[in-house]
Structure formats: structure tokens, C-alpha cells
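Participant: All residue numbers for the sequence shown refer to the working numbering, where the first residue is 1 and numbers rise by one. From the three backbone atoms N, C-alpha and C, an ideal C-beta is built for every residue, glycine too. Here the structure is a predicted model, which means the values were calculated and not measured.
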Amino acid sequence: MSTVIITGANGNLGLVVTDHLLSAGYRVIAITGSGGAGKLPDHPGLILKEADLGDEQKTTALVTSLTDHYPDIAAAVLLVGGFAVGALQQTSDIMLESMIRMNFHTAFHMVRPLFSFFETRKEGGQFILIGSRPALDAREGTAFFAYSLSKAMVVKLAGFVNAEGWRKNITASVIVPATIDTPANRKAMPEADFTRWVSPIHIAEAIAFCMSDAGRNVQDNILFIGKPS
Ligand SMILES: NC(=O)c1ccc[n+]([C@@H]2O[C@H](COP(=O)([O-])OP(=O)(O)OC[C@H]3O[C@@H](n4cnc5c(N)ncnc54)[C@H](OP(=O)(O)O)[C@@H]3O)[C@@H](O)[C@H]2O)c1
């Protein structure tokens with residue numbers, strides 16, 4: 001099995017995805033923020049790195065060192081992201097910039113150097129990005145303008161990767177989850193019907209499918225997972 005990078009690996013979704021891909025036999029390079037390993041497992045196939053992916057230069061240096069050490073990196077699952085409430089009329093530049101930095105820049109800073117690395121491999125490489133329903137339908141995102149816009153940029157990033165990468169075996173898939181059943185969401189919305197939420201394991205399985213031989217052949221892949229709320 002090849003090596004896969006997972007960003008946001010210590011987050012609510014990241015922990016489940018990391019476990020799943022380790023169990024599937026991948027070597028996983030887990031990138032975390034300042035939270036460090038957190039609840040990540042102690043596993044011989046896990047390599048841990050800490051980085052602020054909002055920092056362009058440091059992220060480029062990290063990717064260069066990783067691709068030098070692990071030339072079989074075949075995919076990057078880019079899970080870093082964050083959420084903020086606020087309709088268009090309540091959105092300041094500061095809020096917009098913060099959401100774009102959190103959701104778009106952290107992905108873009110990984111994609112740019114990795115795209116160059118994947119170009120050097122005849123097998124190319126794969127990006128798995130995380131969008132959100134409001135990024136694709138403004139009617140679902142009127143209460144979260146900055147968040148929705150920043151996730152729309154992530155979806156568009158995947159489109160550009162596919163447009164530029166298809167001759168080079170470089171592809172991007174976007175996972176578009178409904179509300180995920182995480183401990184953090186249960187705590188934040190105790191009154192909600194958790195049965196309507198999407199299990200993180202189903203997202204992990206979808207990501208593993210994207211990385212399978214069959215999944216790698218699917219073009220312009222946008223996978224909606226779970227029911228709209
Ligand atoms: N939760 C949902 O219902 C839901 C629904 C739709 C889409 N999504 C998307 O799914 C993804 C995962 O969500 P989640 O609930 O697992 O989020 P989460 O628990 O908040 O995890 C976010 C992760 O991002 C890392 N991170 C944040 N800023 C970083 C930075 N500058 N550099 C490096 N790492 C950074 C955090 O690491 P540290 O703690 O170490 O900083 C953390 O591991 C996100 O993209 C989110 O937008 C979530």
C-alpha cells in the first residue's frame with residue numbers, strides 16, 4: 001500500500017479517517033495543528049507531523065521534506081476546516097478572511113507543492129477535499145456566508161486540479177458531508193436528531209473508495225454523503 005497524507009488528522013473526522021486508512025494498510029502521514037497527536041493511535045504505520053497549514057512557506061517546506069522522504073505519497077486527504085455563523089449582512093472582512101484562511105488556504109498550501117510532486121510521478125496522485133452542502137447551494141448557506149464562500153473556493157480548487165491534472169493522472173475528489181455525527185456536534189446541538197447525521201465512518205469509507213482502483217477512475221468526483229438537514 002502507498003503513503004497517504006491526512007491533514008486535520010487529530011480532528012473529529014480526521015481521527016476516524018486516519019484509523020480507517022491505517023486499518024486498510026496505508027502508511028499515513030498525519031498532519032495536525034498545534035493540538036498535536038491528541039487521540040491519534042500509536043501505530044507503526046503512522047507518521048506524525050505538526051504544522052500551521054495557514055503558513056504558506058512552512059507548509060511548502062513540510063511538503064518538500066515529506067515528498068523527499070516518502071516518494072510513494074500517492075494521495076492527500078485534506079480535512080482541515082472550520083465553521084462560522086453569520087449571514088451576508090453580518091459578515092466583516094475579518095470574518096471572511098478568517099474562513100478563507102481556515103478552509104481554502106490550508107488546502108491550497110498543500111495542493112500547490114503536492115501537485116508539482118505528483119507531476120513527477122507517472123502514477124500521478126490524488127487529492128480528496130472536503131466541501132459542504134452550502135458551498136454548492138446558497139439556499140442552504142444563507143446563515144453561514146463566509147463559511148459557504150470559503151468552501152465554494154475549495155470545491156472550485158478541485159475543479160482546477162482536475163482541469164489541469166487529467167492528462168497527468170492527477171485528480172481531485174470532493175466529499176460533501178451533511179452534518180457529521182461527532183462528539184463536538186452532539187455537544188453543540190444536544191436537541192438535534194442525531195440519527196439524521198452522517199456517520200464519520202461512512203465518510204472514511206467513501207474516501208477509501210475514492211482511493212481505490214475503481215475510485216481513481218471516477219472523473220470530477222463530488223460525493224454528497226448524508227441527508228440535508
Ligand atoms: N463537522 C461537520 O458537521 C462538518 C460538516 C461538513 C463539513 N465538515 C468539514 O469536515 C472537515 C473536518 O471537520 P471536523 O468536524 O473533523 O473538524 P475539527 O474536529 O474542528 O478538526 C479540524 C482539524 O483542523 C486542524 N487545523 C485547524 N487549523 C489548522 C491549521 N492552521 N493548520 C493545521 N491544522 C489545522 C485542527 O488541528 P488542531 O486542533 O491541532 O489545531 C483539527 O485537527 C472540515 O473541513 C469541516 O469543515 C464538517
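1) Could you tell me which of G45, L40, T32 and P71 sits nearest to G54, measuring between CA atoms?
2) Where do the ends of the beta strand (DSSP E) carrying E123 lie?
3) Hey, how far is the Cα of A9 from the Cα of L40?
4) Closest to V17 by CA distance: which of H105, I128, A184 and D213 is it?
5) Are the C-beta atoms of L129 and some chain C residue less than 9 angstroms apart?
6) Enumerate, from N- to C-terminal direction, the unbroken alpha helix (DSSP H) stretches of 4 or more residues contained entirely within the region 74-136.
7) Could you pull the DSSP bridge partners for L15 from this structure?
8) Does the Cβ-Cβ distance between S150 and N103 come in under 9 angstroms?
9) Of all the options H69, V174, A37 and T106, which has the alpha carbon lying nearest to the alpha carbon of N221?
10) Here's the rule: buried if 16 or more other CB atoms are within 10 angstroms of the residue's CB, otherwise exposed. What is W197?
11) Taking a contact to mean a Cβ-Cβ separation below 9 angstroms, would you say I5 touches A75 in this structure?
12) Can you tell me whether DSSP reads T7 as helix, strand or coil?
13) Is K49 helix, strand or coil when you go by DSSP?
14) Just checking I80 against ligand 1 - is the residue's beta carbon closer than 8 angstroms to any of the ligand's heavy atoms?
15) Taking 8 angstroms as the cut-off, is the CB of N217 close to at least one heavy atom of ligand 1?
Facilitator: On the basis of the data shown:
1) As a working mapping, residue 54 is identified with position 54 in the sequence shown. G54 has its Cα closest to that of T32, out of G45, L40, T32 and P71.
2) Position 123 of the sequence shown, counting from 1, holds the residue named residue 123. Careful: E123 lies outside any beta strand (DSSP E) and carries neither H nor E.
3) As a position in the sequence shown, residue 9 is number 9, starting the count at 1. As a position in the sequence shown, residue 40 is number 40, starting the count at 1. Taking the straight line joining both Cα atoms gives about 8 angstroms.
4) The residue labelled residue 17 in the question sits at position 17 within the sequence shown. Nearest C-alpha to V17: I128.
5) Among the protein chains of the structure shown there is no chain C, as only one such chain exists.
6) 93-99, 106-119 and 133-136
7) By one-based count along the sequence shown, residue 15 stands at place 15. L15 pairs with nothing; no bridge assigned.
8) Here the question's residue 150 lines up with position 150 in the sequence shown. Here the question's residue 103 lines up with position 103 in the sequence shown. Against a cut-off of 9 angstroms, the Cβ pair of N103 and S150 comes out as a contact.
9) Counting from one through the sequence shown, the residue named residue 221 turns up at place 221. Ranking H69, V174, A37 and T106 by Cα distance to N221 puts V174 first.
10) Counting from 1 along the sequence shown, the entry for residue 197 is found at position 197. By the neighbour-count rule (16 or more Cβ atoms within 10 Å), W197 is buried.
11) Here the question's residue 5 lines up with position 5 in the sequence shown. Here the question's residue 75 lines up with position 75 in the sequence shown. Contact flag set, yes.
12) In the sequence shown, counting from the first residue as 1, residue 7 sits at position 7. Strand, per DSSP.
13) Taking the sequence shown and counting its residues from 1, one reaches residue 49 at position 49. In the structure shown, K49 sits in a strand (DSSP, three-state: E or B).
14) Taking the sequence shown and counting its residues from 1, the one referred to as residue 80 is at position 80. One point to set straight first is that residue 80 is Val, not Ile, in the sequence displayed. Checking the Cβ of V80 against ligand 1 gives yes.
15) Within the sequence shown, numbered from 1, the residue matching residue 217 stands at position 217. Answer for N217: no, Cβ out of range of ligand 1.
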